[in-house]
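**Student:**
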Ligand SMILES: Cc1cc2nc3c(=O)[nH]c(=O)nc-3n(C[C@H](O)[C@H](O)[C@H](O)COP(=O)(O)OP(=O)(O)OC[C@H]3O[C@@H](n4cnc5c(N)ncnc54)[C@H](O)[C@@H]3O)c2cc1C
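In the numbering used here, the protein residues as written are 1 to 293.
1) Can you give, in chain order, each stretch of the alpha helix (DSSP H) that sits fully within the segment 188-274 and has at least 4 residues?
2) Taking DSSP's pairing of strands, which residues face residue 52 in a bridge?
3) On a CA-only basis, which of 225, 187, 238 and 49 is nearest residue 207? Give me that one, please.
4) Would you check whether ligand 1 has a heavy atom nearer than 7 Å to the C-beta of residue 222?
5) Using alpha carbons as the reference points, say which of 255, 62 and 228 lies closest to residue 152.
6) Tell me the residue span of the alpha helix (DSSP H) that contains residue 109.
7) Go ahead and label residue 59 buried or exposed: buried means 16 or more other beta carbons lie within 10 angstroms of its beta carbon, across all protein chains shown.
8) Where does the unbroken alpha helix (DSSP H) through residue 42 begin, and where does it stop?
9) Under DSSP, the alpha helix (DSSP H) around residue 115 begins and ends at which residues?
10) Does residue 233 pass the burial test, meaning 16 or more other C-beta atoms within 10 Å, or should it be called exposed?
11) Can you find the residues in the same chain that come closer than 6 Å, C-beta to C-beta, to residue 89, ignoring five residues on each side of it along the sequence?
12) Whose CA, out of 190, 245, 265 and 178, lies closest to the CA of residue 213?
13) If I follow the unbroken alpha helix (DSSP H) through residue 128, where does it start and stop?
14) By Cβ distance below 8 Å, which residues in the same chain neighbour residue 51 in space, the five residues on each side in sequence not counted?
15) Any chance the segment 33-42 sits against the segment 110-123, with 3 or more Cβ pairs inside 8 Å?
16) Can we count residue 263 as close to ligand 3, meaning its CB is less than 7 Å from some heavy atom?
17) Quick check on residue 18: does DSSP put it in helix, strand or coil?
18) Can you list, in chain order, the residues of its chain with a C-beta nearer than 8 Å to that of residue 273? Leave out the 5 residues immediately preceding and following it.
19) Using only CA atoms, which one of 220, 104, 210 and 63 lies nearest to residue 172?
20) Of all the options 183, 87 and 117, which has the alpha carbon lying nearest to the alpha carbon of residue 155?
21) From which residue to which residue does the beta strand (DSSP E) around residue 291 run?
22) Between which two residues does the alpha helix (DSSP H) holding residue 79 run?
23) In chain order, what residues of the same chain lie with their CB nearer than 8 Å to the CB of residue 104, ignoring the 5 residues before and after it?
24) Counting C-beta neighbours from all protein chains within 10 Å, is the total for residue 248 16 or more, i.e. buried, or is it exposed?
25) Pop quiz: residue 16 and residue 54 are said to be a contact at Cβ under 8 Å. What is the actual Cβ separation, rounded to whole angstroms?
26) Decide if residue 188 is buried, meaning its Cβ has at least 16 other Cβ atoms within 10 Å, or exposed.
27) Over the uninterrupted alpha helix (DSSP H) stretch that includes residue 95, give me the two end residues.
28) Cα-Cα, which of 250, 128 and 56 is closest to residue 198?
29) Grab the span of the beta strand (DSSP E) containing residue 149 for me, first residue to last.
30) For residue 67, report the span of its beta strand (DSSP E) as first-last.
Following this line, the structure appears as structure tokens:
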């Protein structure tokens, strides 16, 4: 019988040269195998049931490029490459680069990939909120076909995603945002290097002075990253000058939509309170930016 106390001793290690080879091996070994990207989660957690490691770190999926009406980010782009990318340091995509700033250590971020951050499906992961706020899509390759899934539908629960047997995430596609879009990311952790007690990305698209699109995406306050849709609906169609006095109401509504748990990092009540504070702060920051502040 397998138990958590069993040592991590995979019996075989493969280094995939092509995506086809990686998905073929994953399909063959199923749950007994895992993909190894940067290893900063997998080699820390060391799941004892794994018998096969499929190293994908040499696949040519470490690009960040403007193409196809948006930005294509290969699943193996590291967090440091994302932080430094000129394409991801212009508004509103800078919210993606900024999401990496309070994550782990610089050394960790030389290895940690965006694909690993997403596929690990930790509720506290720092990359998903910004990507969901910008309507990013996960591009997936399996043994027989490729498919696309909106990132907001990619997560099923802690450590659970829509990936099926044999599938890997190959790319994140961030569509071109409409003019008048700005987004910000805020995170609260116990230390600057710790995983989030709460994180939030807020994106607004404004036409004239009317809010056309609002996305409030919260992490570490539910089994998956969540959109606070009731709070978002309080913003859409409103003039910026109408939004300003209602920030407290919107932030409170967003906090009400969370379903946090208590764990070693924070009690549920604290997470809900911080979700409200960070949402209000994010909205206030955006309103100031729209005013040119
Ligand atoms: C010291 C330290 C601090 C950290 N701080 C933070 C933090 O502040 N915020 C945060 O969000 N995370 C943090 N992490 C977690 C981790 O670094 C990130 O989640 C990282 O992005 C994972 O990427 P990786 O390439 O190392 O993933 P890996 O460890 O290689 O893989 C993680 C999981 O995803 C699967 N996987 C990886 N790539 C793919 C793919 N392309 N397709 C399908 N499945 C795939 C693997 O099989 C595995 O199950 C920290 C980790 C450490 C060690």
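Note that CB positions come from ideal geometry on N, CA and C, so glycine has one too.
**Tutor:** Per the coordinate set shown:
1) You should have 229-233, 240-243 and 247-256.
2) 12 and 33.
3) 238
4) No, the beta carbon of residue 222 sits no closer than 7 Å to any heavy atom of ligand 1.
5) Looking at the Cα atoms, 228 is the closest of the given residues.
6) For residue 109, the enclosing alpha helix (DSSP H) covers residues 106-111.
7) buried
8) 42-45
9) 114-119
10) exposed
11) 97
12) Closest in C-alpha terms to residue 213, from the list 190, 245, 265 and 178, comes 178.
13) For residue 128, the enclosing alpha helix (DSSP H) starts and ends at 127-133.
14) 10, 11, 12, 29, 32 and 33
15) In this structure the segment 33-42 lies against the segment 110-123, because at least three pairs of beta carbons, one per stretch, are closer than 8 Å.
16) Ligand 3 is absent from the structure shown, which contains only ligand 1.
17) coil
18) The residues are 255.
19) Taking residue 172 as reference, the option from 220, 104, 210 and 63 with the minimal CA-CA separation is 63.
20) 117
21) It is not in any beta strand (DSSP E) - residue 291 carries neither H nor E in the DSSP assignment.
22) 79-84
23) 40, 79, 112 and 193
24) exposed
25) The Cβ separation is near 6 Å, so the contact holds.
26) buried
27) 94-99
28) 128
29) 146-150
30) Here the beta strand (DSSP E) through residue 67 covers 64-67.
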